[in-house]
Amino acid sequence: MSNSVFKIAALAGDGIGPEVMREAIKVLRAVEKKFALRFDITEAPVGWAGIDAAGKALPDATLALCKLSDCILFGSVGLPDRDPSIPKEERPERAALLRLRKEFGLFANLRPVRLPKELAHACPLSKERQGDGIDMLVVRELTGGMYFGQPKKTEDIGNGHLRAIDTMVYTTPEIERIAHVAFKAAQLRRKKVCSIDKANVLENGVLWRDVVTKVSKQYPDVALDHMFVDNGAMQLMLRPTQFDVMLCENMFGDILSDEAAALAGSLGMLPSASLGATSGEQTFGFYEPAGGTAPDIAGKNLANPIAQILSTALMLRYSFKQNAAADAIDAAVSKAIANGLRTGDIYSTADPTAKKVGTREMGDAIAAAL
Ligand code: NAD
Numbered sequence: 441m442s443n444s445v446f447k448i449a450a451l452a453g454d455g456i457g458p459e460v461m462r463e464a465i466k467v468l469r470a471v472e473k474k475f476a477l478r479f480d481i482t483e484a485p486v487g488w489a490g491i492d493a494a495g496k497a498l499p500d501a502t503l504a505l506c507k508l509s510d511c512i513l514f515g516s517v518g519l520p521d522r523d524p525s526i527p528k529e530e531r532p533e534r535a536a537l538l539r540l541r542k543e544f545g546l547f548a549n550l551r552p553v554r555l556p557k558e559l560a561h562a563c564p565l566s567k568e569r570q571g572d573g574i575d576m577l578v579v580r581e582l583t584g585g586m587y588f589g590q591p592k593k594t595e596d597i598g599n600g601h602l603r604a605i606d607t608m609v610y611t612t613p614e615i616e617r618i619a620h621v622a623f624k625a626a627q628l629r630r631k632k633v634c635s636i637d638k639a640n641v642l643e644n645g646v647l648w649r650d651v652v653t654k655v656s657k658q659y660p661d662v663a664l665d666h667m668f669v670d671n672g673a674m675q676l677m678l679r680p681t682q683f684d685v686m687l688c689e690n691m692f693g694d695i696l697s698d699e700a701a702a703l704a705g706s707l708g709m710l711p712s713a714s715l716g717a718t719s720g721e722q723t724f725g726f727y728e729p730a731g732g733t734a735p736d737i738a739g740k741n742l743a744n745p746i747a748q749i750l751s752t753a754l755m756l757r758y759s760f761k762q763n764a765a766a767d768a769i770d771a772a773v774s775k776a777i778a779n780g781l782r783t784g785d786i787y788s789t790a791d792p793t794a795k796k797v798g799t800r801e802m803g804d805a806i807a808a809a810l
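Numbers 441 to 810, taken from the working numbering, label the letters of the sequence shown in order.
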């Protein structure tokens, strides 16, 4: 990565992917003008677009491009109508998405959940529980824990009975590196980390709590507290505004990040970042909307491009360390919403100031607000 040219592999994928990617690139071009940055953006096919173009969900040329880039801006892949026509291991989610996660060692998943006051109607919680608006970040460990631990098998134990075994396993370095990600992210926010575990029952929980506490000593400006996962699930519903950064191991994070996501009302509002190792100044990252290809609304100018656009803000913040430009994108999105612009997924007839717009119009308004 040079000082001023950031190399981005833009993989739009299937369904609404190309529509929302187009708006994200539009916003990045507006950022270039305002902040004197340069983005070298190369688009390449992935998912069914990859299969149609080159016979594979992750074509060799697309993978090669990713390896030459500073980060990947991803749309989404998979089409439920076509996926069953090919073997599981060749399908886009496995052959492209999981392959890229593995290839680039993406061990940290960051999911910001923000509910602006104007979208209170889209949240399942009462207005009083939303306080001044929900604004939190779930940091989830992505490559360890129960999903990958060995042994992992189902065995015959006789008499017609089976036994299934999954193993929860974490090492000190694995916990340390995700804890550093959470504390560093908190330093860019309200400087609070709530670490989630089950230390009252699990050996993993005891080690997790111990290691996170030790790492916290290196971040005296960040306040740390711990919460058992069952209470965490409850507190998200009762008082979500208490959370700034929530730090979780893989499975707890999988569950709690989706619970937290429900608070934002629409998948179309939720970006995510998956980060790999940092060497020097550079962190390789994979940035994508939390939702999928939404085939029900694809190609109709109906998709909300905000999740994809906010993914570019995460990219600027975490891979390129361009916090001012990232803040400007966040602010431009907030402005478009404050001005009443709504795609169908966040529109409510109860709000007389709301104006229903399409994917393109929302992207135009956000680019213009920059
Ligand atoms: P989905 O997220 O695509 O859609 C679920 C619902 O949310 C739909 O009603 C959709 O219209 C809506 N939605 C999603 N994003 C939206 C947006 N930006 N604006 C407005 N509405 C939006 O989930 P699904 O229907 O279960 O899956 C469809 C396909 O996407 C499947 O093939 C699935 O495998 C794939 N998928 C891919 C990823 C990924 O690439 N990371 C993630 C999830 C699902």
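Cβ atoms here follow ideal geometry from the backbone N, Cα and C, with glycine treated the same way. Computed from a predicted structure; not experimentally measured.
_Nearest-angstrom Cα separation, counted from alanine 807 out to isoleucine 605_ = 51 Å
*Check the DSSP bridge columns for isoleucine 481 and list the partner residues they point to.*
The partner list for isoleucine 481 (beta bridge, DSSP) reads Ile448.
*Ranges of the alpha helix (DSSP H) found wholly within the stretch 677-734, counting only runs of at least 4*: 690-702
*Could you tell me if leucine 696 is buried or exposed, where buried requires 16 or more neighbouring beta carbons within 10 angstroms of its beta carbon?*
Counting the other Cβ atoms within 10 Å of the Cβ of leucine 696 gives 16 or more, which makes it buried.
*Quick one: is alanine 536 buried, meaning 16 or more other Cβ sit within 10 Å of its Cβ, or exposed?*
Around the beta carbon of alanine 536, a 10 Å sphere encloses 16 or more other beta carbons of the protein chains shown; the residue is thus reported as buried.
*asked:* Beta-carbon within less than 8 Å of serine 631's beta-carbon, same chain only, minus the 5 sequence neighbours each way: which residues are those?
replied: Inspection of the sequence shows that residue 631 is occupied by lysine rather than by serine. Once the five neighbours on either side are set aside, the close Cβ partners of lysine 631 are Asp661, Val662, Ala663, Asp684.
*For histidine 620, name the three-state secondary structure that DSSP assigns.*
helix
_Cβ neighbours of valine 797 in the same chain (closer than 8 Å, five flanking residues each side left out)_ = Around valine 797: Leu781, Arg782, Thr783, Ala805.
*asked:* Is it buried or exposed, valine 460, if we count other Cβ atoms within 10 angstroms and call 16 or more buried?
replied: buried
*For tyrosine 610, which residues of its own chain have a beta-carbon under 7 Å away from its beta-carbon, when the five flanking residues on both sides are left out?*
Gly584, Gly585, Asn644, Leu647, Trp648, Glu689
*Using the Cα positions of aspartate 572 and proline 520, report the straight-line distance between them to the nearest angstrom.*
39 Å
_Among Phe588, Ser751, Ile749, Ala766, nearest to glycine 757 - alpha-carbon criterion_ = According to the sequence as given, residue 757 is arginine; it is not glycine. The option with the nearest alpha carbon to arginine 757 is Ala766.
*Is aspartate 670 helix, strand or coil when you go by DSSP?*
helix
_If the criterion is Cβ atoms closer than 8 Å, does the pair methionine 686 and methionine 576 meet it?_
yes
_Any non-hydrogen atom of the ligand NAD closer than 7 Å to asparagine 741 Cβ_ = no
*What are the residues that DSSP puts in a beta bridge with leucine 538?*
According to DSSP, which records beta bridges pairwise, leucine 538 is partnered with nothing at all.
*Say whether the stretch 508-516 touches the stretch 724-735, bearing in mind that this needs 3 or more beta-carbon pairs closer than 8 Å, one atom from each stretch.*
Verdict: yes, contact present.
_Assuming aspartate 637 is part of the alpha helix (DSSP H), what are its boundary residues?_
In the DSSP assignment, aspartate 637 falls outside any alpha helix (DSSP H) and lies within the beta strand (DSSP E) extending over 632-637.
*Over the uninterrupted beta strand (DSSP E) stretch that includes methionine 576, give me the two end residues.*
574-581
*Buried or exposed: where does proline 524 fall if 16 or more other Cβ atoms within 10 Å of its Cβ makes it buried?*
exposed
_Between glycine 785 and the ligand NAD, is there a pair consisting of the residue's CB and a ligand heavy atom that are separated by less than 7 Å?_
Just to set this straight, residue 785 is aspartate in the shown sequence, not glycine. At least one heavy atom of the ligand NAD is nearer than 7 Å to the Cβ of aspartate 785, so yes.
*Along the beta strand (DSSP E) that carries aspartate 606, what are the first and last residues, could you check?*
602-607
*Is the beta carbon of arginine 539 less than 8 Å from the beta carbon of leucine 498?*
yes
*Which residues in the same chain have their Cβ closer than 7 Å to the Cβ of alanine 626, if we skip the five residues on either side of it in sequence?*
Lys632, Val633, Val662, Asp684, Val685
*asked:* Just to confirm the assignment, what range does the beta strand (DSSP E) spanning glutamate 595 have?
replied: Note, glutamate 595: beta strand (DSSP E), 589-596.
_Just to check my reading of the structure: valine 579 and valine 621 have Cβ atoms closer than 8 Å, yes? What is that Cβ distance to the nearest angstrom?_
6 Å
_threonine 799 and leucine 742 - do their beta-carbons sit closer together than 8 Å?_
Against a cut-off of 8 Å, the Cβ pair of threonine 799 and leucine 742 comes out as a contact.
_6 Å Cβ shell around proline 458 - same chain, five flanking residues per side excluded_ = In its chain, beyond the 5 residues on either side, Ala452 have a beta carbon closer than 6 Å to the beta carbon of proline 458.
*To which residues of the same chain is arginine 522 closer than 8 Å at the C-beta, ignoring the five residues directly before and after it?*
Trp488
*In this structure, does DSSP put glutamate 801 in helix, strand or coil?*
Under the three-state reduction of DSSP, glutamate 801 is assigned to helix.
*Decide if aspartate 698 is buried, meaning its Cβ has at least 16 other Cβ atoms within 10 Å, or exposed.*
It is exposed - the Cβ of aspartate 698 has fewer than 16 other Cβ atoms within 10 Å.
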